[in-house]
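Participant: For the sequence shown, the working numbering begins at 85 and goes up steadily by one.
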Amino acid sequence: MSKAFNELFVQHAGAAMVKQLAFLDLVGERDWIVDWSSEQVRFGDDLAFSIQLLGTEEHGEWLWTWGDQVNQFEAGMLRSCLSLKRYGEQHGIAEFVDASFPTSVADGTLLSSIASGRDRTACYYRAPYEGGALFFLIENALGPDLWVGPARIGTLLASMAHLHERYLAFDQRAMVRSMLDFCGYDFIESETALTAHPRPHKLAEPPACAIKVGFDSASAVREVEIVPENEGR
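1. Express the C-alpha separation of Glu179 and Pro212 in angstroms, rounding to a whole number.
2. Just how far apart, CA to CA, sit Leu110 and Ala132?
3. May I have the straight-line CA-CA distance separating Asp300 from Leu278, to the nearest angstrom?
4. Please give me, in chain order, every unbroken run of the alpha helix (DSSP H) with length at least 4 that falls completely inside the stretch 192-231.
5. Candidates Lys103, Val260, Asp270, Ala292: which alpha carbon is nearest Glu307's?
6. What residue from Gln156, Glu158, Leu138, Pro234 has the CA that sits closest to Ser184's CA?
7. Using the Cα positions of Gln124 and Ile135, report the straight-line distance between them to the nearest angstrom.
8. Measure the alpha-carbon distance for Cys165 versus Phe254 and round it to whole angstroms.
9. Measuring straight from C-alpha to C-alpha, what distance separates Thr318 and Gly298?
10. Just confirm the distance between the C-beta atoms of Phe219 and Ser196, as a whole number of angstroms; I'd bet it's less than 8 Å.
11. With three or more beta-carbon pairs closer than 8 Å as the criterion, would you say the stretch 96-103 touches the stretch 228-244?
12. What residue from Ser167, Ile117, Val94, Leu241 has the CA that sits closest to Ala280's CA?
13. Under a three-way DSSP split, which group does Gly139 fall into?
14. Inspect the beta-carbon positions of Ala97 and Gly201 and report whether they are closer than 8 Å.
15. In terms of residue numbering, what span does the beta strand (DSSP E) encompassing Ala190 cover?
16. I'd like to know whether the C-beta atoms of Ile177 and Ala88 end up nearer to each other than 8 Å.
17. Would you say Leu194 and Phe107 are within 8 Å of each other, going by their C-beta atoms?
18. Return the CA-CA distance between Gln174 and Asp191, expressed in angstroms with no decimal places.
19. Out of Val305, Gly112, Lys169, state which residue places its alpha-carbon closest to the alpha-carbon of Gln256.
20. For Thr276 and Leu264, what's the separation of their Cα atoms in angstroms?
21. So which of Leu230, Trp148, Glu145, Val94 has the shortest CA-CA distance to Pro284?
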């Protein structure tokens, strides 16, 4: 995995995680189906979103949709993956330029997290099928003023302490900073901890509590605590 790709994932993974949680709350247990004629994914009878195809995972291999020589897709559904390809060409990021590679290099979750993080109102979706999974961006899935309270963010941050070991190669402290900034939190740091306070938000009254995150010597998340505001200062 290239250094530039690693840095991009750290920059965007936190926002992607928050948006995934918010979108799953929105769609709930609805069934999904891709309507290729309208270039949309439908959830149940009441939700439909335009999509941008990213790629597929099959048999331990990632394949970008722009590199698919078997299936032909409308050009309008390839804008996002082609944008990433151009970015990779400009910045020397092989993961965006090579049409396919083993998922041990980078898998659909990592690649889609970056694609999602680059677009504030989009999130990604993993659509499983027999033998693999299709990954795509869901456009305008969430409003630009997404609000996530401390308790939900605390749950996400705590999950970092239990992530698959592939994430240990990433700077979790930097991922935490990125997530908190995306969600509208200010924070102060010490050598071993970070304390975050919600900024005023037009959609919600900031709660009277703070998020305290402790890190180990390798900057991995060790513990997360929600505390009353007067204890967080």
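For glycine and all other residues, C-beta sits at the position ideal for the given N, C-alpha and C.
Facilitator: Here's the rundown:
1. Working through the sequence shown from its first residue, we reach residue 212 at position 128. Working through the sequence shown from its first residue, we reach residue 179 at position 95. So the two alpha carbons sit approximately 22 Å from each other.
2. As a working note, residue 110 is residue 26 in the sequence shown. As a working note, residue 132 is residue 48 in the sequence shown. Rounded to the nearest angstrom, the two C-alpha atoms are 12 Å apart.
3. Taking the first residue of the sequence shown as 1, we reach residue 300 at position 216. Taking the first residue of the sequence shown as 1, we reach residue 278 at position 194. Approximately 12 Å between the Cα atoms of the pair.
4. 192-201
5. By 1-based counting over the sequence shown, the position of residue 307 is 223. Closest by alpha carbon: Val260.
6. By 1-based counting over the sequence shown, the position of residue 184 is 100. Looking at the Cα atoms, Leu138 is the closest of the given residues.
7. Position 40 of the sequence shown, counted from the start, is the residue given in the question as residue 124. Position 51 of the sequence shown, counted from the start, is the residue given in the question as residue 135. Approximately 5 Å between the Cα atoms of the pair.
8. Residue mapping note: residue 165 aligns to position 81 of the sequence shown, counting from 1. Residue mapping note: residue 254 aligns to position 170 of the sequence shown, counting from 1. Cα to Cα, Cys165 sits roughly 23 Å from Phe254.
9. Residue 318 lies beyond the residue range present for the chain, which begins at 85 and ends at 317; the question has no answer from this structure.
10. As a position in the sequence shown, residue 219 is number 135, starting the count at 1. As a position in the sequence shown, residue 196 is number 112, starting the count at 1. Confirmed, about 5 Å.
11. yes
12. Here the question's residue 280 lines up with position 196 in the sequence shown. When each option's Cα is compared against that of Ala280, the closest is Leu241.
13. Counted from its first residue, the sequence shown places residue 139 at position 55. The answer is strand: DSSP assigns Gly139 an E or B state.
14. Residue 97 sits at position 13 when you count from the first residue of the sequence shown. Residue 201 sits at position 117 when you count from the first residue of the sequence shown. It is a contact, given that the beta carbons lie within the stated cut-off.
15. As a position in the sequence shown, residue 190 is number 106, starting the count at 1. Ala190 -> no beta strand (DSSP E), and no H or E assigned at all.
16. Position 93 of the sequence shown holds residue 177. Position 4 of the sequence shown holds residue 88. Yes, Cβ-Cβ distance for Ile177 and Ala88 is below 8 Å.
17. For the purposes of this step, residue 194 is taken as residue 110 along the sequence shown, with counting starting at 1. For the purposes of this step, residue 107 is taken as residue 23 along the sequence shown, with counting starting at 1. For Leu194 and Phe107, no; Cβs fall outside 8 Å.
18. To locate residue 174, count along the sequence shown from 1; it is residue 90. To locate residue 191, count along the sequence shown from 1; it is residue 107. If you take the alpha carbons of Gln174 and Asp191, they lie about 22 Å apart.
19. Stepping through the sequence shown from its first residue, residue 256 is reached at position 172. Minimum Cα distance to Gln256 is reached at Val305.
20. Indexing the sequence shown from 1 puts residue 276 at position 192. Indexing the sequence shown from 1 puts residue 264 at position 180. Rounded to whole angstroms, Thr276 to Leu264 spans 17 Å at the Cα level.
21. Stepping through the sequence shown from its first residue, residue 284 is reached at position 200. Checked all of Leu230, Trp148, Glu145, Val94; the closest Cα to Pro284 is Leu230.
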